[in-house]
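Peer 1: The sequence shown lines up with residues 1 to 935 when you count with full-length UniProt numbering.
Have a look at this one before I ask anything.
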Amino acid sequence: MDSAAHHRSSATCTVCNRILWFNLPPEHMDGTPHYSSRKALESSAESCKLCALVLRAALSNCRDSRGIRYGTGYWRVFESISVQDDSGIQEVMSIKDMGSSAPEGETRYNALRPAAIYSGGPFATSFLRAMASESWACIASTGKTDERLRHLDTGEVLPALGLDDPDEDMPVWVYGNWWAVGPPGDVGEMSPMRLVGIGARFGRTPRIQDAYGSNDGDLHLRGSAIGVCTTDDSALFQHVPGRIRELDSSSDVAFRRIETWIQQCISTHEKCAPPALNPPLPSRVIDVDSSHGSVMLFESKGQTGRYTALSHSWGTSSRLTATKATLDDLKAGIALSSLPKTFRDAVEITRRLGIRYIWIDCLCIVQDDPRDWEVEAAYMGQVFQNAYVTISAASCEDSTSGCFPVRQRSSYTSVATRSLGYDTERNVTGPNSEVVDYEHDSRPGQRNRLHLFDEWLPGSMHPFPQPMIIGHFGKNFDPLENQPLSTRGWTLQERLLSPRTVHYATDQIYFECEQRILSEDGFPFTDLPYSLNALIGTQHCAFEQHGMDKNTGLSFVRGQYVGTQQPGLRWQGGWLALIENYSRRRLTVPLDKLSAISGVARVVAEHTDDRYFAGVWASHIYEDLMWGVYTHEESFDPDKGGVSGKVPVKGRLISHAVRPPEYRAPSWSWASIDAPIKFVPLSYSNLVAEVVDCYTKPAGNDEFGRVSEGELEIQAPIYEVFPYEPTPPWLYHGVPVKINLGDERGCCVGSVRLDYPDEPLHFPCYALFLDPAHAIILKAKNVELGLDADGREDLTQLMPKTILTSEDVRRNFRQDYSGHEYKVWIQGDDETDPDSKKRKLVEVHISAETDRQLREYWRETQKPLVHKALSNAVRIGIGEFVKERADVNPPGVGSANNDPTLQDEQKAEKIEHVKGDQSWGPITNEDPKVRITIF
């Protein structure tokens, strides 16, 4: 690092003044001496704010290293590493304290070993040492965790440290917390390292192994408790990545940051395409290059030029809009004073970035012209794709709030702290902070400010430094997920399709592109929640990459669900993750459900040549059909329950399931309902269903928008669903049900998740299986007259028609036909279209013996026998079923208790391992298939 001269402060003690704070050694090396005793440090801390910071950091170092921080446990990484000291290279145990949330990426560069995660409570240190000394890097919890691997507040209070003992009055040593912005170079090379914090420890010697509370020989990285940041114009900015977020997002500093981010994206980002010099302008834009007090609506008529686009929330407040009546007035000129504040701020941002045009939806689309709205709405995806930058009014509730949020308090929770799973606030200029000034050789006479404040971060060591990337030291998350704009439906595609976006969020400004998200306070996100490249890439995934991961998940009990399932590729920034997020957003006009995401669908179709059916892709149709409604947060209580050791817990209401006022999609599409949904991973190597045909008809000219009708023809095992009253507790979310397989498998139990959970489950209903365990729950689309007590049609009763089931087929074939012929349907080629994948159903009359021979032939040639259901169906939910749990009789057949029981003690022969996507469900490909049409 370049040399620097310290600028002394009268408020800083002489010990602190002689320390070069931005050039401290890393934690694993010998510390820099501070005060020679704790008592001396405590005395100086009464007048020196830097000493007060060091004292709190040293106390945190030994207090929090005992397994509790901020009232909860945290994660620790155990690993055996090689280090060099005066006696040569030695193998030592490295222990690294992390945060409350489990890290989702590698916790250091140069990681050579896989990591094994142990959660649920403290683990024996001896066990973890043994694992780490072999071939694993072990990540273990020091407290109780939930299903998302977040530590829970147990209320545990640790005993006092015992530092008041005179024998424990040790010297104080300070060190730097150096992280890497990229992979490190040679050993000893510090150029890629950046100072993110400063730590302090008590110890008899400067060695980390001799720190208070350490086990002899261990290299225990406890992290730093003093945060560090500097200003953008400081000579230290290359070595200190932390920045002070601006209270005023319209300040010159804020705009210089935005301009720097944009230029870095254009010139250095490999994943980001440079903006076109003269892209085609949208049909209409706002020209901001007029007199200062006004702007005007401009009809481009094929002209080109750079423009910005505004992503905002309309809200319920009145606003200026383009209508047939106002169109000419808007072209003549618009006084800035007549625009709502959000629009005025967007115009100011556009002007300060040197851009002439801006696109604002309600001013550039004629709102009372259905034809214009349909054309422009279909083109909206291209508007955001071609924009030079999108201005995201992320914190705004409506158009009157403005782009620049008003921040009154200097304290906020940084993205690094949120990633670690904490909500403690960073206050760079508060009472527990201090500023150190330096004069740097590169800029003589200029003061370079180093801000120090309370903030804990995990430790780092060279040559295995901690990556300075969100998700690699804690959880990965979307920093904008709680912003008002993220609750609106239309804004999802606006964010996804924009090549560069500046988000004016409540806490700070963020810059997003295809390569990363940058926060004002200095931490980057590289695992992006929204990436068009990732979306298109996952749509090209191979067949075996669908469904649940084949190498994860484990069940020890035959018939039990596999635990710790990991979904496939399309959940990882793909279409399924996108729709799950979209389903939680609100739309002012319910009919816009498909229109508001049609821009994304159009781009995906252009890159994949895939067919699109009301939100469902032909190449991924089985995966896209298996969606369920989740109106509440759901978890399991591990401290209760029967054989599974847990019971379901219904948590916070997310939102109710609402029927749209008008038809907009078929029942098998997620777009047919307004409710938060999740896609359930299927066992793709064990699919039992086959989609024969799928069809939708657009309601207008946009083939990716709302549809007026649609149907799905599919053949699969179908079984009638019956009510089931289990012995409490019921161990699964959803309505308990059972199905009768009609053979030696008997009755199997399962749970049904209704599309409208507030409504009761009506019978009869049916389970159409996609894989051995997962089913779509159907009911007949049409009704028929019910029967009275005498068996006559009752005009007052309307009952759903019955649907042919696999059990019906199996029961019919078991009967003795005594040589009589009967009717079956077989599947053959469609002679009218030999190149088509469709195959027609042919009606034939055969004898029982002929049937036996045909079934044998079809078994040998692997050609299916298909039975056609005469009744059509609609979807009402999804179900998940397990294998039989007890020998039971079919419903109504000679047993006092014919319900299967989940709580029976498991016999030894039922214990087995089921890994990955191996089936634990009751259905096989041997089950008779029924073809049915779902509307």
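Note that CB positions come from ideal geometry on N, CA and C, so glycine has one too.
#1: With which residues is Glu690 paired in a DSSP beta bridge?
#2: Under 8 Å, do Ala416 and Leu452 count as touching if we go by C-beta distance?
#3: Alpha carbon to alpha carbon, how far is Ala57 from Glu27? Give it in angstroms, no decimals.
#4: With 16 as the cutoff for other CB atoms within 10 Å, does Lys49 come out buried or exposed?
#5: Hey, is the segment 460-476 in contact with the segment 565-583, meaning 3+ C-beta pairs nearer than 8 Å?
#6: How close, in whole Å, do the beta carbons of Leu712 and Asp771 come, if the pair is a contact with beta carbons under 8 Å?
#7: Are Ser598 and Ala346 closer than 8 Å when you measure CB to CB?
#8: Distance check for Lys779 and Ala140, CA to CA, integer angstroms please.
#9: Mapping DSSP to helix, strand and coil, what is Tyr379?
#10: Pick out whichever of Val882, Asn482, Ser337, Gly574 has its Cα sitting closest to the Cα of Cys747.
#11: Rounded to a whole number of angstroms, what is the C-alpha to C-alpha distance between Ser655 and Lys678?
#12: Using a 10 Å radius around the Cβ and a threshold of 16 neighbouring Cβ atoms, would you call Leu480 buried or exposed?
#13: Here's the rule: buried if 16 or more other CB atoms are within 10 angstroms of the residue's CB, otherwise exposed. What is Thr268?
#14: Do Lys324 and Asp369 have their beta-carbon atoms positioned less than 8 Å apart in this structure?
#15: Starting from Glu147, trace the alpha helix (DSSP H) both ways and give me its first and last residue.
#16: Measuring CB to CB, does Ser82 end up less than 8 Å from Met93?
#17: What is the residue span of the beta strand (DSSP E) that Ala309 lies within?
#18: Identify, in the order they occur along the chain, each residue of the same chain with its Cβ nearer than 7 Å to the Cβ of Asn427, setting aside the five sequence neighbours on each side.
#19: Once DSSP output is grouped into helix, strand and coil, what is the label at Tyr766?
#20: Quick test of the definition: if touching needs 3 or more C-beta pairs under 8 Å, does the segment 703-722 touch the segment 607-624?
#21: From Ala225 to Asp437, what does the alpha carbon distance come to, in whole angstroms?
#22: Under 7 Å Cβ to Cβ from Glu42, same chain only, skipping five residues before and after it: list those, please.
#23: Pick from Gly574, Glu634, Pro529: whose alpha carbon is nearest that of His546?
#24: Three Cβ pairs or more, each shorter than 8 Å: is that satisfied between the segment 652-672 and the segment 514-530?
#25: Buried or exposed for Thr14, please, with buried defined as at least 16 other CB atoms from any protein chain shown within 10 angstroms of its CB.
#26: Does the beta-carbon distance from Asp927 to Pro681 come in below 8 Å?
#27: Between which two residues does the beta strand (DSSP E) holding Asn740 run?
#28: What do you reckon, are the CB atoms on Met799 and Gly791 nearer than 8 Å?
#29: Mind reading off the beta-carbon distance from Leu741 to Tyr719? Whole number of angstroms is fine, and I expect it under 8 Å.
#30: Taking 6 Å as the limit between beta carbons, can you name the residues of its chain near Asp248, skipping five residues before and five after?
#31: In chain order, what residues of the same chain lie with their CB nearer than 6 Å to the CB of Gly71, ignoring the 5 residues before and after it?
#32: According to the neighbour-count rule (16 or more other Cβ atoms, all chains shown, within 10 Å of its Cβ), is Thr304 buried or exposed?
#33: Hey, out of Tyr756, Glu784, Ile739, whose CA is closest to Ile923's CA?
#34: If you draw a straight line from the C-alpha of Phe511 to the C-alpha of Thr390, how long is it?
#35: With C-beta atoms as the reference, is Ser338 less than 8 Å away from Leu320?
#36: Label Leu653 either buried or exposed according to how many other C-beta atoms from any shown protein chain fall within 10 Å of its C-beta, with 16 as the threshold for buried.
Peer 2: With the structure as the only source:
#1: For this step, residue 690 is matched to residue 690 along the sequence shown. Note: Glu690 sits in a beta bridge opposite Gln715.
#2: Here the question's residue 416 lines up with position 416 in the sequence shown. Here the question's residue 452 lines up with position 452 in the sequence shown. No, these two residues do not count as a Cβ contact at 8 Å.
#3: Against the sequence shown, residue 27 aligns to sequence position 27. Against the sequence shown, residue 57 aligns to sequence position 57. Each residue's Cα considered, the two are about 13 Å apart.
#4: Counting from 1 along the sequence shown, the entry for residue 49 is found at position 49. By the 10 Å Cβ count, Lys49 comes out buried.
#5: no
#6: Walking along the sequence shown from the start, residue 712 turns up at place 712. Walking along the sequence shown from the start, residue 771 turns up at place 771. Between Asp771 and Leu712 the Cβ distance is about 17 Å, and since that is not below 8 Å, they are no contact.
#7: Numbered from its first residue, the sequence shown carries residue 598 at position 598. Numbered from its first residue, the sequence shown carries residue 346 at position 346. No, they are not a contact pair.
#8: Within the sequence shown, the letter at position 140 stands for residue 140. Within the sequence shown, the letter at position 779 stands for residue 779. If you take the alpha carbons of Ala140 and Lys779, they lie about 47 Å apart.
#9: Position 379 of the sequence shown holds residue 379. Of the three classes helix, strand and coil, the one that applies to Tyr379 here is helix, per DSSP.
#10: The count along the sequence shown starts at 1 and reaches residue 747 at position 747. Ranking Val882, Asn482, Ser337, Gly574 by Cα distance to Cys747 puts Val882 first.
#11: The residue labelled residue 655 in the question sits at position 655 within the sequence shown. The residue labelled residue 678 in the question sits at position 678 within the sequence shown. Whole-angstrom Cα-Cα distance: 13 Å.
#12: Numbered from its first residue, the sequence shown carries residue 480 at position 480. With 16 or more Cβ atoms within 10 Å of its Cβ, Leu480 is classed as buried.
#13: Numbered from its first residue, the sequence shown carries residue 268 at position 268. So Thr268 ends up on the exposed side.
#14: By one-based count along the sequence shown, residue 369 stands at place 369. By one-based count along the sequence shown, residue 324 stands at place 324. Going by C-beta atoms, Asp369 is nearer than 8 Å to Lys324.
#15: Indexing the sequence shown from 1 puts residue 147 at position 147. Premise fails: Glu147 is in no alpha helix (DSSP H) and is neither H nor E.
#16: Walking along the sequence shown from the start, residue 82 turns up at place 82. Walking along the sequence shown from the start, residue 93 turns up at place 93. No; because the gap between Cβ atoms is not below 8 Å, this pair is not in contact.
#17: One-based indexing of the sequence shown puts residue 309 at position 309. Per DSSP, Ala309 belongs to the beta strand (DSSP E) from 307-311.
#18: In the sequence shown, counting from the first residue as 1, residue 427 sits at position 427. The answer, listed in chain order, is Ser410, Ser411, Ser433, Phe453.
#19: Here the question's residue 766 lines up with position 766 in the sequence shown. The answer is strand: DSSP assigns Tyr766 an E or B state.
#20: yes
#21: Here residue 225 refers to the residue found at position 225 when the sequence shown is read from its first residue. Here residue 437 refers to the residue found at position 437 when the sequence shown is read from its first residue. Approximately 20 Å, taken between the alpha carbons.
#22: Here residue 42 refers to the residue found at position 42 of the sequence shown. Closer than 7 Å at the Cβ level, and outside the excluded window around Glu42, lie Leu55.
#23: On the sequence shown, residue 546 is found 546 positions in, with the first residue counted as 1. It is Gly574.
#24: no
#25: Along the sequence shown, read from residue 1 onward, the residue named residue 14 stands at position 14. With fewer than 16 other Cβ atoms within 10 Å, it is exposed.
#26: For this step, residue 927 is matched to residue 927 along the sequence shown. For this step, residue 681 is matched to residue 681 along the sequence shown. No, these two residues do not count as a Cβ contact at 8 Å.
#27: As a first step, residue 740 is located in the sequence shown; it is residue number 740 there, counting from the start. Run containing Asn740: 735-740, per the beta strand (DSSP E) assignment.
#28: The sequence position of residue 799 within the sequence shown is 799, counting from 1. The sequence position of residue 791 within the sequence shown is 791, counting from 1. Not closer than 8 Å, so no.
#29: In the sequence shown, residue 741 corresponds to position 741, counting from 1. In the sequence shown, residue 719 corresponds to position 719, counting from 1. Contact flag correct, Cβ pair sits at about 7 Å.
#30: Residue 248 sits at position 248 when you count from the first residue of the sequence shown. Correct list: empty, nothing qualifies.
#31: Against the sequence shown, residue 71 aligns to sequence position 71. Correct list, in chain order: Asp153.
#32: Sequence index remark: in the sequence shown, residue 304 carries index 304 (1-based). Thr304 is exposed by the Cβ-count criterion.
#33: Taking the first residue of the sequence shown as 1, we reach residue 923 at position 923. Closest by alpha carbon: Ile739.
#34: For this step, residue 511 is matched to residue 511 along the sequence shown. For this step, residue 390 is matched to residue 390 along the sequence shown. Cα-Cα distance, rounded: 10 Å.
#35: For the purposes of this step, residue 338 is taken as residue 338 along the sequence shown, with counting starting at 1. For the purposes of this step, residue 320 is taken as residue 320 along the sequence shown, with counting starting at 1. Cβ atoms of Ser338 and Leu320: closer than 8 Å.
#36: The residue given as residue 653 occupies position 653 in the sequence shown. Exposed, by the Cβ-count rule.
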